[in-house]
Structure formats: C-alpha cells, structure tokens
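Shown next, in structure tokens, is the structure this report addresses.
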Amino acid sequence: MTPGFDVEKKYSLRDTIGQYVKKLGGENEKVLVVNADLMGTCRNRSFVEAFPERAFNVGIAEQNLVSFSAGLAHEGFIPFAFTMAPFMSMRACEQCRTDVAYPGLNVRLVAAYAGVSGGISGPTHWGIEDCGIMCSMPNMTVIEVSDPVQAEQVLSASLSYEGPIYIRNGIVPTFRIHGDDYQYRIGRADVIVDGDDGAIICSGTVVQYAVLASLEIRKTCKKQVRVIDMHTIKPIDRRAVIEAAGTGTVLVVQDHNVIGGLGSQVARVIAESGLSARFAIAGIPDTFAVMAHADYLYAEYGMDAAGIKGKILEMMEH
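So the sequence shown is numbered by the numbering used here: it starts at 24 and just counts up by one.
Pasting the structure below:
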C-alpha cells in the first residue's frame, strides 16, 4: 500500500461520507438515509434532495431513529442512520442493543462528533464513551474512519457486509493518509508507517497525528516507529496487535475515554496472548474534559503529534 500523505490539504469526513452515501444511493435503490433532525450537521442533505422518497427524518428522537432503521433493515433495505456519537450510543443505547444488534440487522449507524472532535460544543456533544458501549454489544462491528479514501471504502464495503455496523467519525479535518491503491478490508488493520522500534496503534482523527509523530521521530531520533490504523475496533485484528507487541513498545492513541474502546481491546489481545510489552493508552483520562477547541484538547491529553512523540520516546527509553 502506498501512503497518500498530503499534510497541507485537509478534508471533512462528514462531507465525504454524506456525498458518498448519495453516490451509493444512485447505484443501489436499497440504500436509505434516516436522520434525527441533523441532516445539515451530518452532511447528508444532498442525498435527501436527490432521493426524497428514500430519506426519512424522525425528528429529535434517536430511539425512533434506530428502531425505525431496524424495521427498514428487516424488510431488506440498507438504512444509514445518522446522528452524533453520544446521541447514538447513549440516547438510543437500548434500541441499538435490542432492535439492531440482537437480531443482527444490516443497519449502518453513522455517528459523527466522535471523541472530543466537537470541541467547544462541549461534553454533551463529545463521544468519549461510545466505543466502549458499542463494543460490548454482541454482533456489533465497530469502525472508525481516518481519512476520505478510507471513509468511502468503508461505506462501499458495508453494503455487502452482514450484520450491524457502528461507523464513528470525527469532525476535525484530516489530511489524506491512504494512497490510490488502498484496499480496505473490514477487520484487517493497515500499517501506515513501518518500523520495529515501537508501535502506535490508533484509529480515526488521531491517525494523522500519529503519522506526523512517527515521521518526526524518524527524522530527528533515527528510530523507526510503526503506525497502525486499527480502523476496525471490533472485531480487532489480533495478528496486527501481536506483531506490534513484538516491537516491545505499544502506545494506543484513542479519541475516547481511556477506559473502554481501542486501548482495552488491544490490551486484552496482548494479555490473552501471554506477551510482554511496554504499554500505554493516550486518550481522555477518566474525567470530564475541560471545555476548549478540539486542537487544544488533543494537545492537553497527549493525542496531538507532539504528545504522541514525547510519550512513545519516553516509553522506548525505559
């Protein structure tokens, strides 16, 4: 795979997802969009305008959003249900579990505002618990997209995938990480930067910061730090985790509470495999984060490039 790094140009994952779902709608009449009064926020207005007969708005009622989508999936449609990560995972938690996950229906739960990407929208609009919640539901596949190339391929792959998928995406712009030859596979992690001196396992918005940290370490410290885009948080790519542990140092960077989510999944694999490695999680500590813009929050909690660089160098020195 050829990396597609272009750090100067940033893309909106919300815009990419909204436009691509419209494209899929033009190719497949079973594709539907269901909103909870957030078509502007979730950037799917173009689908609604192009295919009004296949677009539904249940209003500010996330429980109805999920249950209605479950009914559509039961009838053979492929509904993409859009709202914010905290609303999908907590307001509609029971419906995600009982109406979607329990029967294993083909509902695509598209959750924007992942992590603290919502910035000054505040704790009510931050999704820092959602991965822990969704990963605990049997049958639920949990994916976090890192760039526009991957986002489009995740959506394409979801059409033929059996079972429910929770697709989380941040709203902070990201540069392109994957090249034109990228081939996405659910459950198979991507090594973005190779290296054997240590490994960073991450997903979503923070992948770009991990890439910058690794490249800076290579340039200034002459150490090779692997960066793994673990886009599929559940089911996790066990082989990629085991190989990362073989470097002796594993830093998980997750835009999420450090309790639950990707870090817990990685730690479980390492422990179950009987491996020994220096291990840490960079994320939101077990606290309600301070109110600030997203860039400040990523720096405050060690998830920006400088924080990631400093943490993994510290780990490798011990």
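The C-beta atom is built at its ideal place from N, Cα and C for all residues, glycine as well.
Go through the region 164 to 236 residue by residue and report every complete run of the alpha helix (DSSP H) that reaches 4 residues or more, in order.
-> 171 to 182
Express the C-alpha separation of residue 89 and residue 96 in angstroms, rounding to a whole number.
-> 10 Å
Residue 302: first and last residue of the uninterrupted beta strand (DSSP E) it sits in = 301 to 307
CA nearest to the CA of residue 186, picked from 117, 64, 128, 282 | 128
DSSP three-state call for residue 83: helix, strand or coil?
-> coil
Under 8 Å by Cβ, that's how I've got residue 169 and residue 254 pegged, so tell me the actual separation to the nearest angstrom.
-> 6 Å
Whole-number beta carbon distance between residue 197 and residue 231, since they are thought to touch under 8 Å | 5 Å
Which word fits residue 105, buried or exposed, when buried means at least 16 other C-beta atoms lie within 10 angstroms of its C-beta?
-> buried
Hey, out of 116, 245, 86, 149, whose CA is closest to residue 59's CA?
-> 86
Specify the secondary structure class of residue 277 as computed by DSSP and reduced to three states.
-> strand
Have a look at 121, 66, 112, 113 and flag the residue whose alpha-carbon is nearest the alpha-carbon of residue 93.
-> 121
Assigned secondary structure, residue 24 (DSSP; H/G/I helix, E/B strand, else coil) = Residue placement at residue 24 is poorly supported in this model, since its pLDDT is 49, which falls under 50; the coordinates still yield a value, given next. Note: residue 24 maps to coil in three-state DSSP.
Taking C-beta to C-beta, are residue 227 and residue 137 nearer than 7 Å?
-> yes
Is there contact between the region 159 to 173 and the region 291 to 305, where contact requires at least three CB pairs shorter than 8 Å?
-> no
Hey, how far is the Cα of residue 204 from the Cα of residue 179?
-> 15 Å
Return the first residue and the last residue of the alpha helix (DSSP H) that residue 106 is part of.
-> Premise fails: residue 106 lies in the beta strand (DSSP E), 101 to 107, not in any alpha helix (DSSP H).
Residue 48 burial status per 10 Å Cβ neighbour count (16 or more: buried) = buried
Beta-ladder partner(s) of residue 58, from DSSP | 80, 105
If you draw a straight line from the C-alpha of residue 44 to the C-alpha of residue 191, how long is it?
-> 15 Å
What first and last residue would you give for the beta strand (DSSP E) that runs through residue 250?
-> 248 to 252
CB-CB length for residue 119 against residue 160, believed under 8 Å = 7 Å
Which of helix, strand or coil DSSP assigns to residue 29 | strand
Which word fits residue 24, buried or exposed, when buried means at least 16 other C-beta atoms lie within 10 angstroms of its C-beta?
-> Any reading at residue 24 is ruled out, since the residue's pLDDT is 49, under 50, leaving its predicted position unreliable.
Select from 99, 57, 73 the residue whose C-alpha is nearest the C-alpha of residue 79.
-> 57
By Cβ distance, which residues of its chain are closer than 8 Å to residue 184, with the 5 residues on each side in sequence left out?
-> 129, 164, 209
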